[in-house]
Every structure is written in C-alpha cells, then in structure tokens.
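To keep things clear, I will list the structure first and then write my remarks on it.
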Amino acid sequence: MNSEEYPKTHAKPSVTLSGTAENCATGPSLGLVDIGSSENAYIFRVALPGVRHKCNIKCDIQREGRVRIEGVITESDTLKNSPKAYEMKVQQLSPPGPFTVSFNLPGPVDPRLCSPQFRADGILEVVVLKYPIPLVSAEGLPEHWFNASFPVS
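Under this note's numbering, the residue at position 24 of the sequence shown is numbered 41, and the numbers go up by one with no gaps.
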C-alpha cells in the first residue's frame, strides 16, 4: 500500500536509511517501504533498485516488529567486463556500496513464520505472521518470544 492508501489512523512508517540508501537522491528510491495488514499477517515490500542478487541481502525481523534489511549494491558486471570504456555518472540508480533500511511494522510478529521473496523487479516482499498477545510467565517474562535473522531466498 502506498502512502495515499495507508489508513489515516496510522502514521506513515518511519524508515531509517544509511550507506548507499541515504545518499540516493535521484532515480528510483532505495528503501521505499509499503506495509499491508490482514487479520493474521503483515506484508511489506521494500524497493531495492540496483540489488542484483538475493545473496546480497540479509533481513532481520524482531518480535516487536522491528525490521532491518542490510545489503550491498554491486557495480554492473556488463560495464566492468565490457571491452569498451564507459564513463558513467550515477544519476538514476543508487551508487554501489552497502546499505541498511530499518522500519517498524505496526505490531508484534513471529519472525520464525515469514515468507521472504526477492522479486526480479528489485522488490523484497515479505509476509510475516502477527504474534498474538504474549502469555506472561510467573516471573513476568513473555513465554515463547523469539527473534530471527534469515538470508533472503
């Protein structure tokens, strides 16, 4: 869902960018985030233009709904291996280098129950199940409360 469709009762998601993502001022924006919600799950989509391989992305989802995506934008293999020399100024894509994108989902999730997909169009799409209100143990600590990190597949 884009910002116009985001319910007026919710604030626009706060997204933190660093590295290459922070320096990208023109072209398709690295780190644009859309978040959707159903009764049992959240879906989020993150724009990662310039990321060519899913192995260059790591997604960390915390039980409280904090998401951190780390990755690397690499230079084009076509230009590096070309027999001709090209001088390019980065204007339309994010420059090569490491980046992080961080944001919060609207509520707690079970990070063990997620389905990540890196699409060919440079969009990382993840569905993660909502976490029900945790049961509290006799010591006052939430029971069965986990965090997870996974490589994107």
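Glycine included, C-beta positions come from ideal geometry on N, C-alpha and C. The structure presented is a predicted model; accordingly, all values stated were derived computationally and were not measured.
Check your understanding: Grouping DSSP H, G and I as helix and E and B as strand, with all else coil, what is residue 73?
Key -> The count along the sequence shown starts at 1 and reaches residue 73 at position 56. Residue state, collapsed to three classes: helix.
Point to revise | Segment limits, beta strand (DSSP E) that includes residue 68 | key: Taking the first residue of the sequence shown as position 1, residue 68 is located at position 51. Element bounds for residue 68: n/a, residue is neither H nor E.
Check your understanding: Taking buried to mean at least 16 other C-beta atoms within 10 Å of its own C-beta, is residue 137 buried or exposed?
Key -> Walking along the sequence shown from the start, residue 137 turns up at place 120. Exposed, by the Cβ-count rule.
Exercise for review: Using only alpha-carbon positions, find the residue among 118, 79, 72 and 48 that is nearest to residue 148.
Suggested key: Locating residue 148 in the sequence shown gives position 131, where the first residue counts as 1. The option with the nearest alpha carbon to residue 148 is 79.
Review point. Taking C-alpha atoms, which residue in 60, 47 and 119 lies nearest to residue 127?
Key: Taking the first residue of the sequence shown as 1, we reach residue 127 at position 110. Of 60, 47 and 119, the residue nearest in Cα terms is 60.
Review point. Are residue 63 and residue 141 close, meaning C-beta to C-beta below 7 Å?
Key: As a position in the sequence shown, residue 63 is number 46, starting the count at 1. As a position in the sequence shown, residue 141 is number 124, starting the count at 1. Cβ distance < 7 Å, so residue 63 and residue 141 count as in contact.
Check your understanding: When we look at the beta-carbon of residue 57 and count the other beta-carbons within 10 Å, is it buried (16 or more) or exposed?
Key -> The count along the sequence shown starts at 1 and reaches residue 57 at position 40. Per the 10 Å Cβ criterion, exposed.
Point to revise | Neighbourhood of residue 85 by C-beta, 7 Å cutoff - its chain only, sequence neighbours within 5 removed | key: If you number the sequence shown from 1, residue 85 lands on position 68. Once the five neighbours on either side are set aside, the close Cβ partners of residue 85 are 77, 117 and 119.
Point to revise | Span of the beta strand (DSSP E) around residue 33 | key: Numbered from 1 along the sequence shown, position 16 holds the residue referred to as residue 33. 32-36 is the extent of the beta strand (DSSP E) around residue 33.
Check your understanding: Quick one: is residue 53 buried, meaning 16 or more other Cβ sit within 10 Å of its Cβ, or exposed?
Key -> Reading the sequence shown from its first residue, position 36 is the one you call residue 53. Its Cβ having fewer than 16 others within 10 Å, residue 53 is exposed.
Review point. Skipping 5 residues on each side, what residues in its chain have a beta carbon closer than 6 Å to that of residue 83?
Key: Counting from 1 along the sequence shown, the entry for residue 83 is found at position 66. So the qualifying residues of the chain are 121.
Point to revise | DSSP-derived helix/strand/coil call for residue 51 | key: Within the sequence shown, numbered from 1, the residue matching residue 51 stands at position 34. Of the three classes helix, strand and coil, the one that applies to residue 51 here is strand, per DSSP.
Review point. Between 90, 143 and 125, which lies nearest to residue 47 when the distance is taken from Cα to Cα?
Key: Here residue 47 refers to the residue found at position 30 when the sequence shown is read from its first residue. When only C-alpha atoms are compared, the closest one is 90.
Point to revise | Under 7 Å between C-beta atoms of residue 114 and residue 66 | key: For this step, residue 114 is matched to residue 97 along the sequence shown. For this step, residue 66 is matched to residue 49 along the sequence shown. No, Cβ-Cβ distance for residue 114 and residue 66 is not below 7 Å.
Review point. Which same chain residues, not among the five before or five after residue 123, have their C-beta less than 8 Å away from its C-beta?
Key: Position 106 of the sequence shown, counting from 1, holds the residue named residue 123. Closer than 8 Å at Cβ, skipping near neighbours: 27, 52, 54, 59 and 82.
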